[in-house]
Amino acid sequence: MKNDVKVKEKKTHEPLIHITKRAALPLSQAILIRVVAILASLLFCGVITIFVTGDNPFSVYATIFDGAFGTSVRIWRTLLETAMLLAVALALTTAFKMRFWNIGGEGQILIGALATAVCMFYIGNSVPRWALILIMLVTALIAGAVWGLLPAFFKAHFGTNETLFTLMMNYVSIQLVRFFLNVADKSGQSTIGPTELTHGWLPEIIHPYFLSILVVAVLTVVIYIYLKYTKHGYEISVVGESENTARYIGINVKKVMLRTMAISGAICALVGFLLVGGTHHGITTSTADSRGFTAIMVSWLAHFNPFMMVLTSALIIFMAHGAEEVSSVFGLNASFADILTGIILFFIIGCEFFVNYQLHVNRKKKNLADEAKEVA
Amino acid sequence: MSNVPALELKGITKRFGEVVANRDVDLDVRHGEILAILGENGSGKTTLMNMISGIYFPDEGEIFIDGAPVTIASPKDAFSYGIGMIHQHFKLIDVFTAAENIVLGIEDGKYDLKRATERIAEITARYGFELDPKKKIYDMAVSEKQTVEIIKVLYRGAEILILDEPTAVLTPQETQKLFAVLRKMRDDGKSIIIITHKMHEVLSISDRVAVLRRGEHIATVNTAETNEGALTEMMVGKKVSLNIARSEPKEPLDRLVVRGLNCVNREGVKVLDNVSFEARSGEILGIAGIAGSGQRELLEAIAGLQKLENGEILYYDPKAGGEEVNLRDKTPVQIRDLGVRLSFVPEDRLGMGLVGNMDITDNMMLRSYRVGHSFFVDRKPPHELAERIIDELEVVTPGTTTPVRRLSGGNVQKVLVGREIAAAPTVLMAAYPVRGLDINSSYTIYHLLNRQKESGVAVIFVGEDLDVLLELCDRILVIGSGVITGTLDARKTTKEEVGYLMTATERREEA
Numbered sequence: 000m001k002n003d004v005k006v007k008e009k010k011t012h013e014p015l016i017h018i019t020k021r022a023a024l025p026l027s028q029a030i031l032i033r034v035v036a037i038l039a040s041l042l043f044c045g046v047i048t049i050f051v052t053g054d055n056p057f058s059v060y061a062t063i064f065d066g067a068f069g070t071s072v073r074i075w076r077t078l079l080e081t082a083m084l085l086a087v088a089l090a091l092t093t094a095f096k097m098r099f100w101n102i103g104g105e106g107q108i109l110i111g112a113l114a115t116a117v118c119m120f121y122i123g124n125s126v127p128r129w130a131l132i133l134i135m136l137v138t139a140l141i142a143g144a145v146w147g148l149l150p151a152f153f154k155a156h157f158g159t160n161e162t163l164f165t166l167m168m169n170y171v172s173i174q175l176v177r178f179f180l181n182v183a184d185k186s187g188q189s190t191i192g193p194t195e196l197t198h199g200w201l202p203e204i205i206h207p208y209f210l211s212i213l214v215v216a217v218l219t220v221v222i223y224i225y226l227k228y229t230k231h232g233y234e235i236s237v238v239g240e241s242e243n244t245a246r247y248i249g250i251n252v253k254k255v256m257l258r259t260m261a262i263s264g265a266i267c268a269l270v271g272f273l274l275v276g277g278t279h280h281g282i283t284t285s286t287a288d289s290r291g292f293t294a295i296m297v298s299w300l301a302h303f304n305p306f307m308m309v310l311t312s313a314l315i316i317f318m319a320h321g322a323e324e325v326s327s328v329f330g331l332n333a334s335f336a337d338i339l340t341g342i343i344l345f346f347i348i349g350c351e352f353f354v355n356y357q358l359h360v361n362r363k364k365k366n367l368a369d370e371a372k373e374v375a
Numbered sequence: 000m001s002n003v004p005a006l007e008l009k010g011i012t013k014r015f016g017e018v019v020a021n022r023d024v025d026l027d028v029r030h031g032e033i034l035a036i037l038g039e040n041g042s043g044k045t046t047l048m049n050m051i052s053g054i055y056f057p058d059e060g061e062i063f064i065d066g067a068p069v070t071i072a073s074p075k076d077a078f079s080y081g082i083g084m085i086h087q088h089f090k091l092i093d094v095f096t097a098a099e100n101i102v103l104g105i106e107d108g109k110y111d112l113k114r115a116t117e118r119i120a121e122i123t124a125r126y127g128f129e130l131d132p133k134k135k136i137y138d139m140a141v142s143e144k145q146t147v148e149i150i151k152v153l154y155r156g157a158e159i160l161i162l163d164e165p166t167a168v169l170t171p172q173e174t175q176k177l178f179a180v181l182r183k184m185r186d187d188g189k190s191i192i193i194i195t196h197k198m199h200e201v202l203s204i205s206d207r208v209a210v211l212r213r214g215e216h217i218a219t220v221n222t223a224e225t226n227e228g229a230l231t232e233m234m235v236g237k238k239v240s241l242n243i244a245r246s247e248p249k250e251p252l253d254r255l256v257v258r259g260l261n262c263v264n265r266e267g268v269k270v271l272d273n274v275s276f277e278a279r280s281g282e283i284l285g286i287a288g289i290a291g292s293g294q295r296e297l298l299e300a301i302a303g304l305q306k307l308e309n310g311e312i313l314y315y316d317p318k319a320g321g322e323e324v325n326l327r328d329k330t331p332v333q334i335r336d337l338g339v340r341l342s343f344v345p346e347d348r349l350g351m352g353l354v355g356n357m358d359i360t361d362n363m364m365l366r367s368y369r370v371g372h373s374f375f376v377d378r379k380p381p382h383e384l385a386e387r388i389i390d391e392l393e394v395v396t397p398g399t400t401t402p403v404r405r406l407s408g409g410n411v412q413k414v415l416v417g418r419e420i421a422a423a424p425t426v427l428m429a430a431y432p433v434r435g436l437d438i439n440s441s442y443t444i445y446h447l448l449n450r451q452k453e454s455g456v457a458v459i460f461v462g463e464d465l466d467v468l469l470e471l472c473d474r475i476l477v478i479g480s481g482v483i484t485g486t487l488d489a490r491k492t493t494k495e496e497v498g499y500l501m502t503a504t505e506r507r508e509e510a
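Chains A and B, in that order, are what the protein sequence lines are.
So the first sequence is numbered by numbering that gives the first Met the number 0: it starts at 0 and just counts up by one.
So the second sequence is numbered by numbering that gives the first Met the number 0: it starts at 0 and just counts up by one.
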């Protein structure tokens, strides 16, 4: 019975493509791969646009550039949007470093925006400007910290899944904003804009956007130092890398989790504060404008490095504005901009595979088959 | 038997990124023989076997079965050629019986457990296994689980059996039983490949030995014509002395006294049952036992990482003139704040003792980063410590900024042990400190432990290799299923006695 094994001629397929992990790619090559990916994505976008519009590809690229940097208004807008996206990415990064997947940036921005708007709307008339701004800021930060603390508390004490929890909190924020809009705007149109929020506008230095950009620039440096050179930052890394090690050396994991999420939520709320108090002077349910999600990508693409995030957020904003311009100049449906952005992101994210892995095509397959024939 | 080898490898090469796991390996296994594959950790033994059993695919080279070239691209292919591998980590389903596990995944269109049980009985009788096919896996001891794994591959008609470190989890007595079974299988004409790095086992079980070093096949020799020294030299590439110096303890004083510890794990199972012992200054206390008998919980309890039901852990401070401190229910930080200098080298180096993705400096900082009131970390002292350890313990690394996970096992352990010793401990606990280390690194660690002992530290050493425990320790504490089954004088006891005590609780339960 045991001898019934036949060494039979079996048709087996040798894998054609081998995927192996790269040891470590020199920085120059890693950058080269990414640059090639961006160029390839532009090329592909050009081809798609020509296919749809029949226009000259170079005019497409010129339009993309024009969309982001064509006028001084556009330059300022690109800078501001980059700064806002970057700030959210910085907030998420503190949590991500701890392997705490905070995908509730959207809700944390909104709750900060809401807190700011509520202060402006209800006590705008009754306190001096500087005090109002201070109250707006503190309320927003507290609201954001609470929005971050809730999922952290439940994860620390009951082991809930932070991804779902933070995601759900986004919808709570949206509903709260909707509630505020209904209550505050008696006209029934549910809009709160500069005409309603007349007090508590942030001071204008050089340009209406400049203060917000400056705040984020400072924040970038602060977060970089916080994560890299402080005891808190060190604890965040240890908890993120291995909770067991953290326990072993006596780090209070729950405390670190709560503290870090409070910071993460508060920074997101700061963005809400800057958006409402500094630039929009109004609030809608889409004030956060998906930054809470886009920032996840910004953070990951930069490998959690705050200074790299300046580049990745700038890149994403540049592409988005460019694509928007292309679809409007060439008279295309607004979704076309989304398609172009999607293509670009696909290339940028996809190239990370080639940074980390190497493909080998199996060349000896034929030889083996030939030899097998000879043996037979 | 024909002269054609049952299995032959020609020019097998396998790379992982820049690492060459196997380079141009030629190897043959005959019918009816036991071939031992000997090599240090990281020498490519397991990778090579994984290619034979279809888990990896070689980058270069050919495999022949009974002289015919074959392509093994999956474990299924391997089975069709009669190759069966028994892995170090068992792949069994806990809630199934032995028989159910054995027939699992066989696609012959029918599920006839009764016939299967008969066939299992036939196999067990033929080779002298002891197995109850109706017993559930979760009721089984490790050795029984291994038996199920072996029968599983025999049931599928394996002619070539590969066993990856089969004795790592067995007591000396169980090892002897396994070897008897393997010999019967060999006499029945089966080819058996056994991977191991325990020299005396190689000499007692195998017919031939193939030695691998750094992925290359050094030589295959007849076991009868070689000896331990020659094999070690081939394995390591140079001569090594295999003696551990052991000095007499100087003025041993009770340093750590453990009384009546009871501990229940998350599943509610009792893992420590009324454990009492004392560790003395200037001596090495060995803890022997089958893996998972409560050693980890015991050390973690002392280090302040394990919740206890009851019992006490008393520490006698040599500085304060022998003042008594109870460490029970204290966190690691509280223990340190009491001035207790307790160092702990945990079993899980990269998952607990160190952070794999951090560099050596940052890993040094794990113990000391809290020092001072500054909001910022001071990387200077840990950096100096890192340089000192690299220098003194001859850690092979490109520099202090290399992530420790990139270092080899031995160097990782040097970094960890170095850090723990640098804290000038009065109690040093080390769990399996030489697991996975090559011979040279192992001896470095033994010497370090010995030096600590000589300077008056109470050393607690949890080990798995009984030969080493007997040579290195002063006293040996034997633990079985969370119960201390004996304390032995390491200079007078024997391996058999330790092995007997290791399983004493199991026998009591069965009786």
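We put the CB at the ideal spot given by N, CA and C, even for glycine.
Can a CB atom of chain B be found closer than 9 Å to the CB of S236 of chain A?
yes
What does the alpha-carbon distance come out to for the pair A244 of chain B and T492 of chain B?
18 Å
Decide if the stretch 264 to 273 of chain B is in contact with the stretch 396 to 413 of chain B; the criterion is three or more beta carbon pairs, one per stretch, under 8 Å apart.
Using a C-beta cut-off of 8 Å, the stretch 264 to 273 of chain B makes no contact with the stretch 396 to 413 of chain B, since fewer than three inter-stretch Cβ pairs fall below that distance.
Below-9 Å beta-carbon distance, G232 of chain A vs any chain B residue
By this cut-off, G232 of chain A is an interface position.
Evaluate H359 of chain A with the Cβ neighbour count: other Cβ atoms within 10 Å of its Cβ, from every protein chain shown; 16 or more gives buried, anything less gives exposed.
Sixteen is the threshold: since fewer than 16 other Cβ atoms of the shown chains lie within 10 Å of the Cβ of H359 of chain A, the residue is exposed.
Could you please tell me which residues of the stretch 243 to 259 of chain A, in chain order, have their CB closer than 7 Å to any CB of chain B?
N243, T244, R246, Y247, I248, G249
Helix, strand or coil at E148 of chain B [DSSP, three-state]:
For E148 of chain B, the three-state secondary structure derived from DSSP is helix.
E240 of chain A touches chain B at which residues, Cβ-Cβ below 8 Å?
V354, G355, N356, M357
Does the Cβ-Cβ distance between I266 of chain A and L314 of chain A come in under 9 Å?
no
C-beta contact flag for A130 of chain A and G349 of chain A at 9 Å:
With contacts defined as CB atoms closer than 9 Å, A130 of chain A and G349 of chain A fail to qualify as a contacting pair.
Minimum C-alpha distance to F64 of chain A - residue among A:N332, A:A322, A:I338
Relative to F64 of chain A, the option among A:N332, A:A322, A:I338 whose CA is nearest is A:A322.
Alpha-carbon spacing of G417 of chain B relative to I388 of chain B, whole angstroms:
Here the C-alpha atom of G417 of chain B lies approximately 6 Å from the C-alpha atom of I388 of chain B.
Could you check what DSSP says for H216 of chain B in three-state terms: helix, strand or coil?
The answer is strand: DSSP assigns H216 of chain B an E or B state.
Measure the alpha-carbon distance for T293 of chain A versus K452 of chain B and round it to whole angstroms.
57 Å
Taking buried to mean at least 16 other C-beta atoms within 10 Å of its own C-beta, is S203 of chain B buried or exposed?
exposed
Which partner residues does G479 of chain B have in the DSSP bridge list?
Partner residues in the beta bridge of G479 of chain B, as assigned by DSSP, are B:V482.
Using a Cβ-Cβ cut-off of 7 Å (strictly less than) and excluding sequence neighbours within five positions of S298 of chain A, which residues of its own chain qualify?
A88, L91, T92, F95, M308
Quick check: is the beta carbon of F374 of chain B nearer than 9 Å to any beta carbon in chain A?
yes
So, is F120 of chain A buried or exposed, given that buried needs 16 or more other C-beta atoms within 10 angstroms?
buried
Please confirm if the stretch 110 to 129 of chain B is in contact with the stretch 165 to 173 of chain B, defined as three or more CB-CB distances below 8 Å between the two stretches.
no
DSSP beta-bridge partners for K135 of chain B?
B:T96
Alpha carbon to alpha carbon, how far is L160 of chain B from I82 of chain B? Give it in angstroms, no decimals.
6 Å
Contacts of P171 of chain B in chain A (Cβ-Cβ under 9 Å):
Ordered by position in chain A, no residue passes the 9 Å Cβ test against P171 of chain B, which lies about 30 Å from the chain.
Taking the Cβ atom as the reference point for each residue, do L326 of chain B and L349 of chain B lie within a distance shorter than 9 Å?
no
Beta-carbon separation of G408 of chain B and L436 of chain B under 9 Å?
Going by beta carbons, G408 of chain B and L436 of chain B fall inside the 9 Å limit.
Residue range of the unbroken alpha helix (DSSP H) whose run includes G310 of chain B
First-last for G310 of chain B: 309 to 316, but that is the beta strand (DSSP E), not the alpha helix (DSSP H).
Only counting the same chain, and skipping five residues up and downstream in sequence, which positions put a Cβ closer than 6 Å to that of E470 of chain B?
Excluding the 5 residues flanking it on each side, E470 of chain B has same chain C-beta neighbours closer than 6 Å at I243, in chain order.
Decide if the stretch 207 to 225 of chain B is in contact with the stretch 245 to 256 of chain B; the criterion is three or more beta carbon pairs, one per stretch, under 8 Å apart.
Judged by Cβ distances under 8 Å, the stretch 207 to 225 of chain B makes no contact with the stretch 245 to 256 of chain B, as fewer than three pairs qualify.
Using a Cβ cut-off of 9 Å (strictly closer), state whether K20 of chain A contacts chain B.
Put simply, the CB of K20 of chain A is near chain B, with a gap under 9 Å to one of its CB atoms.
In whole angstroms, what is the alpha-carbon distance linking L284 of chain B and G355 of chain B?
29 Å
Counting only beta-carbon atoms, is V6 of chain A nearer than 9 Å to chain B?
Here V6 of chain A scores only 41 on pLDDT, less than 50, and its place in the model should not be relied on; the value that follows carries that caveat. Cβ-Cβ to chain B under 9 Å: yes for V6 of chain A.
Please report the distance separating the alpha-carbon of E161 of chain A from that of N243 of chain A.
Using only the alpha carbons, I get a separation of about 19 Å.
With 9 Å set as the bound, which would you pick, yes or no: does the beta-carbon of Y228 of chain A sit closer than that to a beta-carbon of chain B?
yes
Please confirm whether I101 of chain B and K133 of chain B have their CB atoms less than 9 Å apart.
Their beta carbons are not under 9 Å apart, which means I101 of chain B does not touch K133 of chain B by this criterion.
Give every residue of the same chain whose Cβ lies closer than 6 Å to the Cβ of R261 of chain A, excluding the five residues on either side of it in the sequence, and list them in chain order.
Note on identity: in this sequence residue 261 of chain A is Ala, with Arg being the wrong assignment. Its chain contains A144, G147, L148 as the residues whose beta carbon lies nearer than 6 Å to that of A261 of chain A, once the 5 sequence neighbours on both sides are disregarded; these appear in chain order.
Does the distance from the C-beta atom of L37 of chain B to that of L211 of chain B stay below 9 Å?
yes
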